[in-house]
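Let me begin by presenting the structure, written as structure tokens, before commenting on it.
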Amino acid sequence: MNYPYENLENFTLASLINRSAEIYVDEPVLSKLDQEPTTYGELHQSILAMSKLLLENGIKKGDKVALLSENMPNWAVAYFATTYFGAVIVPILPDFHKADVHHIIRHSDAKAIFVSQKHIDTVEELDEEDLTFVIKLDDLTIVDELTNHRYLSKIKQKNVNIKELAKPDENDMAAILYTSGTTGNSKGVMLSHKNLVTNALSTYEKVTILPSDVFLSILPLAHTLECTVGLLVPILHGASVVYIDKVPTPSVLLKAFSIVKPTMMLSVPLIIEKIYKNKVLPKFTNSLAMKTLYSVPLFRKQLNKIAGKKLIETFGGRLRFFGIGGAGLSPFVEKFLIEAQFPYIIGYGLTETAPLIAGSILGDTIKITSTGTAFPGVEIKIINEDPKTGSGEIISRSPSVMLGYYKDEKQTAEVIKDGWFYTGDLGHIDEDGFLFINGRSKNVIIGSGGENIFPEQIEAVINQNSVVLDSLVLMQDNRLIAKVHLDYEMIDEMFKANHTPDSEVKEKITNLLEEMRVEVNTKVSNYCKMVKFSEQIEPFVKTPTKKIKRFLYVD
């Protein structure tokens with residue numbers, strides 16, 4: 001596959017950053033909210049200096065270096081510096097449990113770790129002799145001493161001669177990403193330089209990115225979607241990225257939008273779904289007259305168009321790209337986004353494919369519930385199709401398919417066959433090449449008549465109710481049921497919980513769930529009808545991309 005980029009020596013991360021630093025040397029690249037940005041030239045020098053520091057402290061090509069931190073500009077310094085001379089970066093999601101972090105450090109054979117001050121206590125509790133030194137990411141200095149270890153003294157960084165540094169091959173391993181999947185324990189996904197760089201390069205056909213574009217980063221960089229599309233892609237095009245160092249709550253985001261006025265963002269569906277259900281929909285359903293008006297297609301489209309303009313103003317007024325991935329977007333929310341003329345695109349992929357496989361094209365045809373067409377250089381096929389539904393397993397082949405799972409040849413052989421990656425996702429491709437995802441093969445429920453029931457599709461219907469935060473469809477005792485997690489702030493307001501006995505509130509919730517069950521059953525096929533809705537009081541346990549960990553709730 002030929003990509004339209006000049007001055008890229010090879011498909012390595014070092015080549016990518018060298019090219020951008022040369023072309024955009026004085027342009028801004030990375031910053032925290034309310035801080036002066038680092039330029040491309042400054043970032044490049046920091047990367048070279050840190051590479052030299054790692055080498056001077058015994059890290060060599062092929063060694064593993066862990067990275068545990070919230071988002072910040074120095075995250076990129078650690079990432080590029082480690083991979084610059086052929087060492088392997090091991091990014092760890094900061095919301096992983098300490099025990100999981102310790103397991104990843106041990107399993108990956110990490111020799112050193114970059115860690116932010118916020119997470120340094122996690123490293124202090126680790127008793128691991130092979131971890132030879134710790135670098136505090138906040139100021140890029142070697143930690144002199146931790147509770148359980150004594151490390152090398154701080155070494156003053158020296159001027160770097162780029163010729164002294166080894167050069168990795170594009171097929172060398174660049175990163176190991178540990179997933180926190182919905183089906184069980186994390187796996188170490190080995191990605192090569194070529195996997196990552198070609199995936200970033202393939203975005204050119206879907207969206208135009210300019211040096212003047214400003215990304216606002218709200219997803220963790222240790223997740224492959226944000227790392228590839230939210231870091232490598234903007235750096236490739238000379239754009240800039242702004243990080244917020246707080247949990248992206250509505251108030252935090254509103255402040256960030258007003259200051260940054262981003263032109264581009266990445267998000268999981270949950271964020272835009274919450275905005276629609278909590279901010280947009282109530283304005284159209286708060287009175288009988290407005291509710292009636294909103295039910296008429298002609299008026300609904302006009303109202304949604306007005307709401308779309310106000311929504312873009314809320315994002316700072318300059319937004320022209322809002323990428324959504326990591327999980328399925330509810331069809332009723334997507335319908336609003338289309339009618340609101342909101343500049344969104346849907347992407348599909350997995351950590352194992354670095355991650356992009358398919359995506360819609362900004363400003364082009366969008367088919368509701370579709371994840372768009374294949375990216376350049378990516379092949380997609382459907383195998384083992386169900387003759388009734390036309391749905392089958394999605395497999396993909398591209399330069400971005402992982403090297404395999406770290407220390408797990410057996411599981412690697414199960415998912416990579418003749419260069420094709422078997423995703424475990426089920427879907428179909430229409431006559432125009434648009435991919436539609438039905439669900440995970442492991443989640444499919446077999447109905448009493450042998451029908452394939454995709455729980456994700458039923459959950460999308462349940463989640464349309466504004467009082468529902470999440471739902472999970474299961475087969476229990478050969479009966480189809482749903483666990484429903486409600487918005488208890490809204491429930492308290494609906495049922496005046498502060499002035500109503502608990503027993504009465506509980507009865508009202510039971511009645512509400514039954515009413516919802518009856519309504520949902522009118523919108524699904526006969527073999528998908530629910531026999532019971534039960535209340536899920538505690539929030540569901542989720543993956544970093546906000547997908548429910550189903551295996552925790554299945555008997």
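Going letter by letter, the sequence shown gives residues 1 to 555 in full-length UniProt numbering. By construction, the Cβ of each residue, glycine as well, lies at the ideal position given by its N, Cα and C atoms.
Check                                                                                                                        : Outcome
Completely contained beta strand (DSSP E) runs for the stretch 406 to 491, where each covers 3 or more residues              : 420 to 429, 435 to 440, 468 to 476 and 479 to 486
Continuous alpha helix (DSSP H) stretch holding I218: start and end                                                          : Note, I218: premise wrong, no alpha helix (DSSP H); not H, not E.
Check whether A87 and G58 have beta carbons under 8 Å apart                                                                  : no
Contact under 8 Å by Cβ, F85 with P220                                                                                       : no
Cut-off 6 Å between Cβ atoms - residues of its own chain near L43, not counting five sequence neighbours on either side      : V29
Alpha helix (DSSP H) segments (min. 4 residues) lying fully within the stretch 26 to 52                                      : none
Residues near T208 in its chain [Cβ-Cβ closer than 8 Å; skip 5 each side]                                                    : L362
Beta-carbon spacing of Q359, F342 below 8 Å                                                                                  : In the sequence on display, residue 359 carries Gly and not Gln. Cβ distance not < 8 Å, so G359 and F342 don't count as in contact.
Alpha-carbon to alpha-carbon, D432 and G377                                                                                  : 17 Å
Residues that E379 bridges to, as DSSP identifies them                                                                       : R397
Neighbourhood of residue 556 by C-beta distance below 6 Å, restricted to the same chain and skipping five residues each side : Summary: the structure shown does not reach residue 556, with the chain confined to residues 1 through 555, and so no result is reported for it.
Whole-angstrom C-beta distance between L236 and A289, which should lie under 8 Å                                             : Not a contact, Cβ separation roughly 51 Å.
Where G316 sits in the DSSP three-state scheme                                                                               : coil
Contacting residues, own chain, Cβ-Cβ under 6 Å from T82 (five flanking each side not counted)                               : V65 and I89
CA-to-CA distance, P355 to I383, given in whole angstroms                                                                    : 21 Å
Residue interval of the beta strand (DSSP E) (run including L356)                                                            : L356 to G359
Pairwise C-alpha distance: L350 and G419                                                                                     : 16 Å
Residue nearest to T510 in terms of C-alpha spacing, selected from L552, G390 and L486                                       : L486
C-beta atoms of F540 and L513 nearer than 8 Å                                                                                : no
Of the residues A166, N286, L337 and T545, the one placed nearest L55, counting alpha carbons only                           : A166
Same chain only: Cβ atoms within 7 Å of L303, ignoring 5 sequence neighbours per side                                        : F284 and Y294
Those residues which DSSP pairs with V242 across a bridge                                                                    : S31 and L216
Where Y553 falls: helix, strand or coil (DSSP)                                                                               : coil
I47 versus E538 - alpha carbon distance                                                                                      : 44 Å
Proximity below 8 Å, CB of I548 to CB of L472                                                                                : yes
CA-to-CA distance, A222 to residue 569, given in whole angstroms                                                             : Given a span of 1 to 555 for the chain in the structure shown, any question on residue 569 remains unanswerable.
Three or more C-beta pairs below 8 Å linking the stretch 383 to 394 and the stretch 402 to 416                               : no
Those runs of the alpha helix (DSSP H) which lie wholly inside the stretch 275 to 307 and span at least 4 residues           : 281 to 285 and 288 to 294
Minimum C-alpha distance to L253 - residue among P91, I272 and R300                                                          : I272
Sheet register partners of Y344 (DSSP bridge)                                                                                : F322
Cα-Cα separation between L435 and I135, rounded to whole angstroms                                                           : 44 Å
V241 vs G230 beta-carbon contact at 8 Å                                                                                      : yes
Alpha-carbon spacing of Y344 relative to D430, whole angstroms                                                               : 21 Å
Strand pairing of I548, partner residues [DSSP]                                                                              : K542
Whether S396 touches F421 by CB criterion (8 Å)                                                                              : yes
Within 8 Å, strictly: CB atoms of L67 and P91                                                                                : yes
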